[in-house]
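These notes concern the structure reproduced below.
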Amino acid sequence: MTLAVLKSRSLIGIQAPVVRVEVHLTSGLPCFTIVGLADAEVKESRERVRAAIQSSGFAFPCGRLTVNLSPADLPKESGRFDLPIALGVLLASGQIEMPELMVRYDDTAYKPTLANWVFAGELSLSGVLVPIAGAVSIALAVARDDQHACLVLPSQSADMAARVPGVQIYKALSLIDVVRHLTGAEQLPHATPKESLAPTLNDHCLSEVKGQLFAKRALEIAAAGGHSLLMSGSPGVGKSMLASRLPGILPDLTEAESLEVASIAAFSATNHHFVWGARPYRCPHHCSSASAILGGGARPQPGEVTLAHKGVLFLDEVPEFDRRVIEGLREPLEAKEVCISRARHRVTYPADFQLIAAMNPCPCGWRDHPEKHCSCRPEHIDRYQKHLSGPFLDRIDIKINVGEIDHSWLNLPAGEPSSSVRVRVTRARNIQLSRQGCANYEMNSSSLDKYCQMDLEAKKLLAKTVQAMRLSARSIQKIRKVSRTCADLDGADLIAVSHLGEAIQLRHKH
Ligand SMILES: [Zn+2]
Numbered sequence: 001m002t003l004a005v006l007k008s009r010s011l012i013g014i015q016a017p018v019v020r021v022e023v024h025l026t027s028g029l030p031c032f033t034i035v036g037l038a039d040a041e042v043k044e045s046r047e048r049v050r051a052a053i054q055s056s057g058f059a060f061p062c063g064r065l066t067v068n069l070s071p072a073d074l075p076k077e078s079g080r081f082d083l084p085i086a087l088g089v090l091l092a093s094g095q096i097e098m099p100e101l102m103v104r105y106d107d108t109a110y111k112p113t114l115a116n117w118v119f120a121g122e123l124s125l126s127g128v129l130v131p132i133a134g135a136v137s138i139a140l141a142v143a144r145d146d147q148h149a150c151l152v153l154p155s156q157s158a159d160m161a162a163r164v165p166g167v168q169i170y171k172a173l174s175l176i177d178v179v180r181h182l183t184g185a186e187q188l189p190h191a192t193p194k195e196s197l198a199p200t201l202n203d204h205c206l207s208e209v210k211g212q213l214f215a216k217r218a219l220e221i222a223a224a225g226g227h228s229l230l231m232s233g234s235p236g237v238g239k240s241m242l243a244s245r246l247p248g249i250l251p252d253l254t255e256a257e258s259l260e261v262a263s264i265a266a267f268s269a270t271n272h273h274f275v276w277g278a279r280p281y282r283c284p285h286h287c288s289s290a291s292a293i294l295g296g297g298a299r300p301q302p303g304e305v306t307l308a309h310k311g312v313l314f315l316d317e318v319p320e321f322d323r324r325v326i327e328g329l330r331e332p333l334e335a336k337e338v339c340i341s342r343a344r345h346r347v348t349y350p351a352d353f354q355l356i357a358a359m360n361p362c363p364c365g366w367r368d369h370p371e372k373h374c375s376c377r378p379e380h381i382d383r384y385q386k387h388l389s390g391p392f393l394d395r396i397d398i399k400i401n402v403g404e405i406d407h408s409w410l411n412l413p414a415g416e417p418s419s420s421v422r423v424r425v426t427r428a429r430n431i432q433l434s435r436q437g438c439a440n441y442e443m444n445s446s447s448l449d450k451y452c453q454m455d456l457e458a459k460k461l462l463a464k465t466v467q468a469m470r471l472s473a474r475s476i477q478k479i480r481k482v483s484r485t486c487a488d489l490d491g492a493d494l495i496a497v498s499h500l501g502e503a504i505q506l507r508h509k510h
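In terms of full-length UniProt numbering, the sequence shown is numbered consecutively and its last residue is 510.
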């Protein structure tokens with residue numbers, strides 16, 4: 001009777017709690033069972049483990065084999081337990097000689113020599129390791145819990161996880177590689193971060209947007225303070241063009257933010273489009289379901305709001321989105337995360353994205369156009385605009401109309417390039433970070449009172465505007481935050497009347 005105990009990691013949202021893989025072999029009628037509330041996929045792992053062990057030149061033990069994945073109440077989807085189970089089987093059957101790992105059934109003293117080793121990897125029938133989802137989250141959790149931990153991952157997943165500091169990561173191509181490493185025959189190579197290309201900013205340069213000075217200024221302010229932005233204007237005025245230029249003028253991601261973005265990108269086991277350090281830009285179609293945007297499914301998967309974490313979520317023709325999507329956006333816009341509850345567990349995904357929304361002024365798009373005729377009936381226009389509820393609109397910091405382009409725009413010189421706008425944006429963002437430790441959009445009411453000090457003239461203008469426009473408390477907060485950003489772009493300590501005036505102008509209802 002022998003028992004082998006190894007460690008692996010489960011995945012709940014972006015958390016990766018410890019899972020103990022216990023493999024127990026005893027004489028008796030041959031059978032192989034996996035217990036511990038394992039999902040169907042883990043049960044399939046039984047067949048993969050059996051085939052992989054045999055393909056790797058080992059014998060599958062004859063006897064009563066029980067695998068326990070504990071704790072039992074953790075959800076354990078995916079085949080990432082294949083590798084620790086296979087190693088456990090080989091250890092328990094004495095095919096790997098590592099006596100310090102083995103625990104005799106009647107031994108009271110458990111010697112956790114391999115306690116700081118963590119294994120995760122799905123096996124193919126031939127014994128080759130295939131990439132797993134969530135490798136970066138696993139590495140982050142291992143590094144946080146145990147400073148001396150060693151993590152063994154499939155080769156392709158290991159390189160992405162190698163960016164995580166404070167954990168030794170070995171990359172393995174197959175089961176036999178891992179066995180050779182454990183027995184001291186041949187060392188596994190250390191994973192090294194893949195040199196990825198620096199994000200290119202010239203693909204979508206702001207200089208290609210001619211004219212539209214007001215909209216470009218609004219975009220710069222939105223970028224500097226991380227503010228959400230709603231643009232209203234006729235088709236073809238350049239709303240999508242402006243939105244796609246936003247990632248190019250945003251400040252660089254910090255190392256910690258890059259890791260967060262990478263851990264979300266690693267949810268897809270084979271993500272070939274991921275560029276280290278680039279801010280995500282997501283533009284889902286308006287037909288997308290609520291679970292595609294907000295996240296969901298029987299096994300909750302991250303939605304667009306999470307995939308856009310630390311980046312930009314662009315919703316074109318926002319009134320065309322399902323009402324549930326629009327209302328569902330209120331939670332992540334406020335809390336910067338989404339919580340998905342299912343019968344057996346609750347998953348929280350980060351969702352700190354910058355929302356850029358665009359809409360037409362009416363269903364046909366030509367209302368208030370100087371030349372084209374609008375064919376919409378008043379009740380249709382009303383219904384279209386009411387699709388965006390007051391509470392949703394209240395959560396958007398900047399609301400602007402994007403005007404028609406003048407016929408002479410072709411002759412205009414190229415605008416300012418993204419790279420120089422980005423310098424100003426980064427400078428303003430650094431002022432915010434050193435003053436209050438966060439960007440202006442994240443300020444709570446106590447830091448608003450502390451850091452949004454206005455001069456006397458500005459105070460008078462705010463009081464007048466509140467009365468004239470009957471602003472809600474949330475609207476006043478938004479105006480104060482945006483005016484703080486305008487002052488930061490100016491390098492001013494005190495918010496002046498010009499900064500406040502600009503912020504009020506940027507909150508005009510269409
Ligand atoms: Zn119309």
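Just so you know, even glycine gets a beta-carbon here, dropped at the ideal spot from N, CA and C.
Test item: CB-CB of residue i and residue j under 8 angstroms
| i | j | result |
| --- | --- | --- |
| Cys339 | Phe314 | no |
| Ala266 | Ser137 | yes |
| Leu125 | Ala172 | no |
| Ser234 | Pro361 | yes |
| Ser70 | Gly36 | yes |
| Gly415 | Ser207 | yes |
| Gly277 | Leu253 | yes |
| Phe274 | Val305 | no |
| Asn116 | Ala143 | no |
| Ile53 | Leu90 | yes |
| Pro193 | Asp159 | yes |
Any non-hydrogen atom of ligand 1 closer than 7 angstroms to residue i Cβ
| i | result |
| --- | --- |
| Pro235 | no |
| Pro363 | yes |
| Arg367 | yes |
| Ser232 | no |
| Ser289 | no |
| Cys205 | no |
| Ser244 | no |
| Ser375 | yes |
Burial state of residue i (16 or more Cβ within 10 Å)
| i | result |
| --- | --- |
| Arg507 | buried |
| Arg104 | The predicted position of Arg104 is uncertain, since its pLDDT is 45 and thus under 50; a value taken from the coordinates is nonetheless stated next. Counting Cβ neighbours within 10 Å, Arg104 comes out exposed, since fewer than 16 surround it. |
| Leu294 | buried |
| Asp493 | exposed |
| Cys452 | buried |
| Gly79 | buried |
| Arg383 | exposed |
| Ala463 | exposed |
| Asn444 | exposed |
| Glu47 | exposed |
| Leu6 | buried |
| Leu175 | buried |
| Leu489 | buried |
| Lys239 | buried |
| Asp107 | Here the model assigns Asp107 a pLDDT of 46, short of 50, so the residue's position is not dependable, and the following value carries that caveat. Exposed, by the Cβ-count rule. |
| Thr26 | exposed |
| Gly328 | buried |
| Ala243 | buried |
| Ser45 | buried |
| Val423 | exposed |
| Ile495 | buried |
| Glu371 | exposed |
| Pro112 | The predicted position of Pro112 is uncertain, since its pLDDT is 42 and thus under 50; a value taken from the coordinates is nonetheless stated next. Label assigned to Pro112: exposed. |
| Ala109 | Residue confidence is low: Ala109 scores 40 on pLDDT, short of 50, so the model does not pin down where it sits. Its coordinate-derived value is still stated next. Exposed: under 16 other Cβ atoms inside 10 Å. |
N-terminal and C-terminal residue of the alpha helix (DSSP H) that residue i is part of
| i | result |
| --- | --- |
| His380 | Pro378 to Lys386 |
| Lys7 | Run containing Lys7: none in the alpha helix (DSSP H); it sits in the beta strand (DSSP E), Thr2 to Arg9. |
| Lys372 | Counting along the chain, Lys372 falls outside any alpha helix (DSSP H), and DSSP gives it neither H nor E. |
| His227 | Premise fails: His227 is in no alpha helix (DSSP H) and is neither H nor E. |
| Thr465 | Leu456 to Met469 |
| His24 | His24 -> not in any alpha helix (DSSP H); beta strand (DSSP E) instead, spanning Val18 to Thr26. |
| Ser157 | Ser155 to Ala161 |
| Tyr451 | Ser445 to Tyr451 |
| Glu331 | Arg330 to Ala335 |
| Lys239 | Lys239 to Ser244 |
Residue i - containing beta strand (DSSP E), residue span
| i | result |
| --- | --- |
| Arg346 | Arg346 to Pro350 |
| Val482 | Per DSSP, Val482 belongs to no beta strand (DSSP E); it is in the alpha helix (DSSP H), Ala473 to Asp490. |
| Lys399 | Ile398 to Asn401 |
Beta-carbon separation (whole angstroms), residue i vs residue j, contact threshold 8 angstroms
| i | j | result |
| --- | --- | --- |
| Val21 | Ser8 | 5 angstroms |
| Ala191 | Ala218 | With 8 angstroms as the limit, Ala191 and Ala218 do not qualify as a contact, their Cβ atoms being about 44 angstroms apart. |
| Leu388 | Ile326 | 6 angstroms |
| Asp397 | Lys481 | 6 angstroms |
| His499 | Ser475 | Actually they are not in contact, since the Cβ atoms of His499 and Ser475 sit about 17 angstroms apart, beyond 8 angstroms. |
| Met241 | Val209 | 6 angstroms |
| Val425 | Glu220 | 6 angstroms |
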